[in-house]
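Before any comments, here is the structure.
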Amino acid sequence: MNGYLNESNFLMVEEGFTTRHLLENLLVELCQASDQQAFFVADLGDVVKKHLRFLKALPRVKPYFPVKCNGSEGVIRLLAELGAGFACTNKAEIACVQSIGIPAGKIFYSSPCKQVAHIKYAANHGVQLMTFDNEVELSKVARSHPHARMLLAVAADSSPSAHPSMTFGATLKSCRHLLETAKEQAVEVVGISFHLGSRGLEPEAFAQSVAAAQLAFEMGRELGYQMHLLDIGGGFPGTEDTRTRFEEIAAVINSALDLYFPDGCGVEIVARPGRYYVTSAFAFAASITAMEEVPAEQPGSDGRWDGGTGPPVGPSPPEPSPYHPSHSSSLRGPPGRAEDLIADGLELPELQVGDWLIFEDMGAYTIATSSLLGGCPQPQITYAMSRVAWKAVQLFQGKPPHTEDDRESVC
103 MNGYLNESNF LMVEEGFTTR HLLENLLVEL CQASDQQAFF VADLGDVVKK
153 HLRFLKALPR VKPYFPVKCN GSEGVIRLLA ELGAGFACTN KAEIACVQSI
203 GIPAGKIFYS SPCKQVAHIK YAANHGVQLM TFDNEVELSK VARSHPHARM
253 LLAVAADSSP SAHPSMTFGA TLKSCRHLLE TAKEQAVEVV GISFHLGSRG
303 LEPEAFAQSV AAAQLAFEMG RELGYQMHLL DIGGGFPGTE DTRTRFEEIA
353 AVINSALDLY FPDGCGVEIV ARPGRYYVTS AFAFAASITA MEEVPAEQPG
403 SDGRWDGGTG PPVGPSPPEP SPYHPSHSSS LRGPPGRAED LIADGLELPE
453 LQVGDWLIFE DMGAYTIATS SLLGGCPQPQ ITYAMSRVAW KAVQLFQGKP
503 PHTEDDRESV C
């Protein structure tokens, strides 16, 4: 074992449990104790299954988990135990993962827009792998981190029907100039990076981006760079209710990699799956702390709850029945915040102050790393894992299981 995770870090449960069942059991205890604080339940076994599924579908790709997606200690420890790397976007995230012993060589400072102080922090703590997409960023790194190993971030284009691509990224037209500028400033460029975004992607967008990355690779090699690393970013679905399954996307990626970066060409492939790993692993419960009934002809809300981080999706309330009619409802977070609207137009049964709402698929972008390091308080997280999943982690030790039976036993 790598020593990042042990049985004291989670609740051991029997195979077949669900986060909802565990959450409901905890609710009984909280109600008896008159505790109304919101909380998360996380199934770490679900993350284990996602990891094995990733390795099976993309055998040439090493995952670097983006800490900004979910910086909770249990997730970081588990993925470190499984051998994953970590993509950090600032000093706080680097400190978060290094605080549990993750070596600098497994950290990728993936933000193309970095504060000078954060670049110096990375340099002082041994983090070398970074990205850039413009001359200003290149100059900051050249002055502050002479040992940095840089990836040129290339803008990724997706189809008109897809979610917009990331704001950052150099165009192919500007790549040669940026690579020449890096050479003039003695900055080491080791590869290319792109990121398609996190929702609604068409698989062919990955193929197009891999093709563009190959062109940028050739530019770098022509200038004398030892180009050996390709980062294909994120954008993989975290739940099964998306129009494109993960395996379909993976098949297109594998075909593109075989065409443009064939096995044995000396290029290491990494990715940054975030939502994919954690979305379905977390459930969230929050109680109603205040209510307001609004006449039907007036816009407004009949539900207001205070639960820390506001969930971006609707809850899972009891099924309405003829005896308990539903009402058009709005859920809001802490008062006094302009962005406190959580969900509007929900059909919920009549609820009372003290009632609880359960939200599923809550693992992505609901837990801020800054809060975990002493900022705003976060709801408590109860981590759980089945014995079967824990056995898989113990056998894994950062490498894929030796047989298909081992892999499928927890999938």
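Mapping of the sequence shown onto my numbering: residues 103 to 513, in sequence order.
Virtual Cβ for every residue (Gly too), placed ideally from N, Cα, C.
A quick note: this is a predicted structure, and the numbers were derived from the prediction, not measured.
Per the coordinates, the alpha-carbon of residue 147 lies some 10 Å from the alpha-carbon of residue 153.
Taking the C-beta atoms as reference points, residue 167 is found nearer than 8 Å to residue 379. By the neighbour-count criterion, in which 16 or more other beta carbons inside 10 Å mark a residue as buried, residue 252 falls on the buried side. Excluding the 5 residues flanking it on each side, residue 225 has same chain C-beta neighbours closer than 6 Å at 247, in chain order. By the Cβ-count criterion, residue 282 is exposed, with fewer than 16 other Cβ atoms from all chains shown falling within 10 Å of its own Cβ. For the pair residue 107 and residue 179, the CB atoms are nearer than the 8 Å cut-off. Per DSSP, reduced to three states, the secondary structure at residue 480 is coil, with no helix or strand assignment.
CA-to-CA, the gap between residue 480 and residue 140 works out to about 9 Å. Note that the C-beta distance between residue 330 and residue 369 is below 8 Å. For residue 105, same chain residues with a beta-carbon under 7 Å away, outside a window of 5 residues either side, do not exist. Approximately 17 Å separates the beta-carbon atoms of residue 374 and residue 174; this is outside 8 Å, ruling out the contact. Residue 114 sits close to residue 492, with the two beta carbons spaced by under 8 Å.
The DSSP-derived three-state label of residue 305 is helix.
Here residue 297 is buried: its Cβ has 16 or more other Cβ atoms, across all protein chains shown, within 10 Å. Unbroken alpha helix (DSSP H) runs of no fewer than 4 residues, entirely contained in the segment 325-366, are found at 348-362, following chain order. Remark: C-beta atoms of residue 200 and residue 220 do not approach each other more closely than 8 Å. Here residue 332 is not near residue 376, since their CB atoms are 8 Å or more apart.
Residue burial annotation: residue 191 is buried, with at least 16 other C-beta atoms found within 10 angstroms of its C-beta. Within the same chain, 291 come within 6 Å of residue 327 by CB-CB distance, once the 5 residues on both sides are set aside.
Per the coordinates, the alpha-carbon of residue 309 lies some 19 Å from the alpha-carbon of residue 277. The alpha-carbon of residue 172 is positioned some 34 Å away from that of residue 367. Beta-bridge pairing by DSSP links residue 429 to 450. In this structure, residue 381 lies near residue 463, with their beta-carbon atoms less than 8 Å apart. Taking C-beta atoms under 8 Å as the contact rule, residue 271 and residue 258 qualify, at a distance of about 6 Å. Beta-bridge partners of residue 370 (DSSP): 331.
Put simply, the backbone Cα of residue 122 is about 7 Å away from that of residue 385. Burial state of residue 339 is buried, judged by a 10 Å Cβ sphere holding 16 or more other Cβ atoms.
Shown here, residue 110 sits in a helix according to DSSP, grouped into three states. The beta carbon of residue 487 is closer than 6 Å to those of 112, 146, 147 in its chain, skipping five residues each way along the sequence. Within the same chain, Cβ atoms closer than 7 Å to the Cβ of residue 359 are found at 162, 312, 371, the five residues on either side in sequence being excluded. Using a Cβ distance threshold of 8 Å, residue 244 and residue 287 count as a contacting pair.
Taking each of 126, 177, 134 in turn and checking the Cα distance to residue 466, the smallest one comes out for 177. Rounded to whole angstroms, the Cβ separation of residue 169 and residue 198 is 6 Å, and the two are in contact under 8 Å.
Going by DSSP, residue 277 is part of no beta strand (DSSP E) but of the alpha helix (DSSP H) stretching over 274-286. The criterion of a C-beta distance shorter than 8 Å is satisfied by residue 457 and residue 390.
Looking at the backbone, the Cα of residue 314 and that of residue 157 are separated by about 24 Å.
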